[in-house]
Amino acid sequence: MALQNAFEHGGETRDKIILGKILGTKPEFRTKVKEIAEDISKIVSSVNQLSLEEQKKEIDENFPELLIPKEKIIEREGLPELKDAIQGKVITRFPPEPNGYPHIGHAKAAIINSEYAKMYGGKFILRMDDTNPEAERMEYHAAIKVGLEWLGIEFDTVKSTSDDMELFYEKAIELINSGKAYICTCKRENISKNRRERKECKCSKGDIEKNNKNWEKMQAKFKPGDAIVRFRGDMKADNAVMRDPVLLRIIEGKHYTLGEKYRIWPSYDFAVALEDSIDGVTHAFRSKEFELREELIGAILDALDMRKPYQGFFSRLEFKGMPISKRIIRPLIEEGKVTWYDDPRLPTLEALRRRGIKPEAIRKFIMSLGLTKANTLAPFDALEAFNRKFVDPTSIRLFMVSNAKKLTVRNLPMTSVEISNHPVNDMGKRKIEVDGNFFIPGEDTQDIKEGMQIRLLGLGNISITKSGIELEGEFIEGEPTNIPKIQWVSQKTAHQIKMIIPKALFIGDKFNENSLEELDVYTEPHYLQLKEGDEIQFVRFGYCRKDSQNQAIFTHK
RNA sequence: GCUCCUAUAGUGUAGUCCGGUUAAGCAUUUUGGCUUCUCAAGCCAAAGACUCGGGUUCAAAUCCCGAUGGGAGCACCA
3 MALQNAFEHG GETRDKIILG KILGTKPEFR TKVKEIAEDI SKIVSSVNQL SLEEQKKEID
63 ENFPELLIPK EKIIEREGLP ELKDAIQGKV ITRFPPEPNG YPHIGHAKAA IINSEYAKMY
123 GGKFILRMDD TNPEAERMEY HAAIKVGLEW LGIEFDTVKS TSDDMELFYE KAIELINSGK
183 AYICTCKREN ISKNRRERKE CKCSKGDIEK NNKNWEKMQA KFKPGDAIVR FRGDMKADNA
243 VMRDPVLLRI IEGKHYTLGE KYRIWPSYDF AVALEDSIDG VTHAFRSKEF ELREELIGAI
303 LDALDMRKPY QGFFSRLEFK GMPISKRIIR PLIEEGKVTW YDDPRLPTLE ALRRRGIKPE
363 AIRKFIMSLG LTKANTLAPF DALEAFNRKF VDPTSIRLFM VSNAKKLTVR NLPMTSVEIS
423 NHPVNDMGKR KIEVDGNFFI PGEDTQDIKE GMQIRLLGLG NISITKSGIE LEGEFIEGEP
483 TNIPKIQWVS QKTAHQIKMI IPKALFIGDK FNENSLEELD VYTEPHYLQL KEGDEIQFVR
543 FGYCRKDSQN QAIFTHK
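Read in order, the letters of the first sequence correspond to residues 3 to 559 in the working numbering.
Shown next, in the form of C-alpha cells:
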C-alpha cells in the first residue's frame, strides 16, 4: 500500500496517510494504533528511499494488481435520499399563494418537491394557498398553473387551501374547547409589544366559555382587527413564532373563488399545518425563511393529535442582479423601467421562457444546487451553461450582421448558395439568393485591407479590391484556407430585426440604466419562416429566441 | 437588540450526520491543445478551495467551544 501511494504521488509517501488508509479499510487495527504506526514508519521510509523506477519495478513484480486504475466514485444522481421514505408512499406538495407571477424561486420549490415524489414513486400535490382574500387573484392562479405546465411539472392532485374552510373552523373550536387556543381582543400594537416583552395578555386568562362566546362574535359582530384566535404557545419562548401566534383572523375582502362566503380566515401556519396533515403529506420542503415555523406546526398538530409530516428546508434562490420580490419589481414596472413581468431581464418564469431558457435547463440547474441551506446567489451564467446544452443541438444557425457595411463582389459565378442549418446535426439546408451585394459585420471590416483575401462563409473566397466604408472585391475560385472567415447577408433579401440584449437589472443595489441593449441588425430571410419561440444561433453572436418577425431576444453566448 | 440558519476553488456544489479507505469529487469559469468553412458545440489537458482561532484525538473539512462574514425571523403576509 505504501508503494502504491508513493508511486501515485511522485515516489514519496507519508506515514500519516498510510496509517489513515489502513485504519480506514481495516478497523480492527484501530485498537493497536501505536504498534502499527511504528511498523508503518519503517515501511514508509524504506519505500521513500527507492526511486520511482524501482518502486514501479517492485509493484510490477510483486503487486501487479495495484496498477489497475482506481474506479471513479459514482456520483449520486439527483437529490439526497430521504429519511423515513417508503417507496410508493411519499407524498409531497407545492403550496404557492396566488398573489403574484411565478418566478425561479417557485420553480425551485416545485421542482424539489415534485422530484422527491417522482424519486419515490409517490404523489405530488399542487395546493393553492389562498387564505388571504385581499391578495389572491385568478390572474396569478392561472399564471402559476401555466408556469408549472411549462416547466413540465405534473401533479396528481390540485386543490386550494380554501376548500377546507369548514375544517379550519372545526379544528379551531376543538382547540378553543381544549383550552389550547383563545380569542384575543387586544390591540395589534399591544399584541406585538407583549410578544417582544414576552408577556401574556389578559385575554389569555379568559375561560373557555368566554372564548366560545367571542368565537361566536367573530362570526359577525366583531370587525376585522377586533379579535383573533391565538394558539396557546409559550410567551417566554426564544422562538418568537411560538409566542401565542395567530391561528385565525377576520378579513372581509372578496375572495377570488369564494367571494364573501367566509370572513374568518386561517393564518398560514394554521392552514399549512392542517392541510399537510390531512393531505397525507409525508415530506414537506419549504424555503429557509419558514424554518422557525417548524416548531409551531408541530405544536399545532400535536395539540390536535394529528399526524405530522417531515419538514425540510432549502435556501432561497436568486440570481445576481435580478430581483425576485414583488416589492422591487412592481415599482420598476410602474416607472416603466421594465415593461412587464415577462420582461426578459426578470427571473419570472414567463421572462425566462421569453428569453429562450428551456424548462429542462431550469430543472437541471435547480437539481445541481441540491438541498443546501446556504444562500444561493447564483450568477445567471450558471443557468446559461445548462441551457446551452439543450439549445445547441437544435438551434438553427443563421447569419446575422450588426453594424452592417456594404461589400460588392464582382464575377460571382452563382446566383444562389445552399448552406446547412447546423454544423453537425442534420437539420437540412437553406437556399440563399446572391447577386454580389452583401452586408458584412462592421467589426470584421476593420481588419480588412485592400489586396487581402477573405472567405465569405459557405460561399467562396473574395479578393478585396477596395476597403473602407464600402468595400469591393472579386470572387476567386478556391477552398477555404487560413484566411479571415466572415458571415454575410444578401442586401436584396436582408431582413432587419431588432435584437434585444438583456443584462443585469441591478449592479449592486443600483438600477442598471443600460440593462437593455437594442441593436438593429440584418439577418437572412429564412428568419421569417421560423416559428415564434424558436431558438436560433446567430453565428458568432450567440443563441437567441425569435420573439416576433421583427424582434429577437438574446439568450446567451 | 433578541432568536435561528449558514460558511469547501472566481462561481455553484459533493463530502460533514456515523473522524481515517479522497494529500478533498463534480459542474461551471479561465487558459492551452485537438477538431471545425462560427470566436458555438464536442474532445483532451491545466489552473484553482475546506472563513479564522482554540480544544478533543494516534488522526479533524468532518466532533466541541469561541470569533468573524452572509442570510432569515421577531405581521391579524405567505
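The beta carbon of each residue, even a glycine, is placed where N, CA and C say it ideally should be.
Going by the CB atoms, is the gap between residue j and residue i shorter than 7 Å?
i    : j    : result
F441 : V393 : no
M237 : A229 : no
F316 : L409 : no
Q313 : A286 : yes
N50  : E10  : no
D446 : I488 : yes
N469 : I450 : The sequence given here places Ser at residue 469; Asn does not occur at that position. Yes, they are a contact pair.
I93  : K125 : yes
L1   : I61  : The displayed coordinates of the chain run from 3 to 559. Any statement about residue 1 would go beyond what the structure contains.
Y524 : V491 : yes
C203 : T187 : no
F321 : A273 : no
P361 : M324 : no
V243 : L294 : yes
E476 : R412 : yes
D278 : P226 : no
I398 : I538 : yes
P527 : T483 : no
For the ligand GTP, is there any heavy atom lying closer than 6 Å to the beta carbon of residue i?
i    : result
L348 : Within the structure as shown, the ligand GTP is missing, as the structure has no ligands at all.
Alpha carbon to alpha carbon, what distance is there between residue j and residue i?
i    : j    : result
E296 : P346 : 36 Å
G338 : E515 : 12 Å
Q455 : G438 : 16 Å
S517 : A145 : 25 Å
D383 : N101 : 29 Å
F292 : R318 : 11 Å
H497 : E262 : 55 Å
N552 : M501 : 9 Å
E73  : S53  : Residue confidence for E73 is low, a pLDDT of 49 falling below 50, so the modelled location carries little weight; the figure read from the coordinates is stated next. About 26 Å.
N134 : T259 : 12 Å
W217 : A305 : 19 Å
R251 : P504 : 44 Å
R309 : L84  : 18 Å
H105 : G80  : 22 Å
L249 : H143 : 24 Å
N1   : R432 : No answer is possible for residue 1: the residues shown for the chain start at 3 and end at 559.
R139 : L400 : 42 Å
G22  : Q57  : 21 Å
G208 : N179 : 12 Å
I42  : E55  : 22 Å
S269 : L371 : 31 Å
D428 : P82  : 39 Å
T396 : D246 : 57 Å
E63  : R16  : 23 Å
Should residue i be labelled buried (16 or more other beta-carbon atoms within 10 Å of its own) or exposed?
i    : result
E481 : exposed
W342 : exposed
D271 : buried
P97  : buried
F65  : exposed
D549 : buried
K18  : exposed
N463 : buried
D281 : buried
G235 : buried
A376 : exposed
E172 : exposed
Y545 : buried
V35  : exposed
Which residue spans inside the segment 369 to 456 form an unbroken beta strand (DSSP E) run of at least 3? Listed in chain order, the complete beta strand (DSSP E) runs (minimum 3 residues) inside the segment 369 to 456 are 378 to 380, 398 to 400, 402 to 404, 407 to 412, 418 to 422, 431 to 435 and 439 to 442.
What runs of the beta strand (DSSP E), each 3 residues or longer, lie entirely inside the segment 183 to 231? 183 to 186
Closer than 8 Å is the cut-off here; do at least three beta carbon pairs connect the segment 153 to 166 with the segment 104 to 118? In this structure the segment 153 to 166 lies against the segment 104 to 118, because at least three pairs of beta carbons, one per stretch, are closer than 8 Å.
Counting Cβ pairs, one atom from each stretch, are 3 or more of them under 8 Å apart for the segment 172 to 184 and the segment 382 to 393? no
In the segment 474 to 530, which residue ranges form an unbroken beta strand (DSSP E) of at least 3 residues, counting only runs that do not cross its ends? 497 to 504 and 518 to 525
Could I get the ranges of all uninterrupted beta strand (DSSP E) runs contained in the segment 58 to 137, with 3 residues as the minimum, in chain order? 93 to 96 and 125 to 130
What runs of the alpha helix (DSSP H), each 4 residues or longer, lie entirely inside the segment 254 to 325? 270 to 280 and 295 to 305
Report yes or no: do the segment 158 to 178 and the segment 127 to 142 share at least 3 C-beta pairs separated by less than 8 Å? Result yes; three or more Cβ-Cβ pairs closer than 8 Å.
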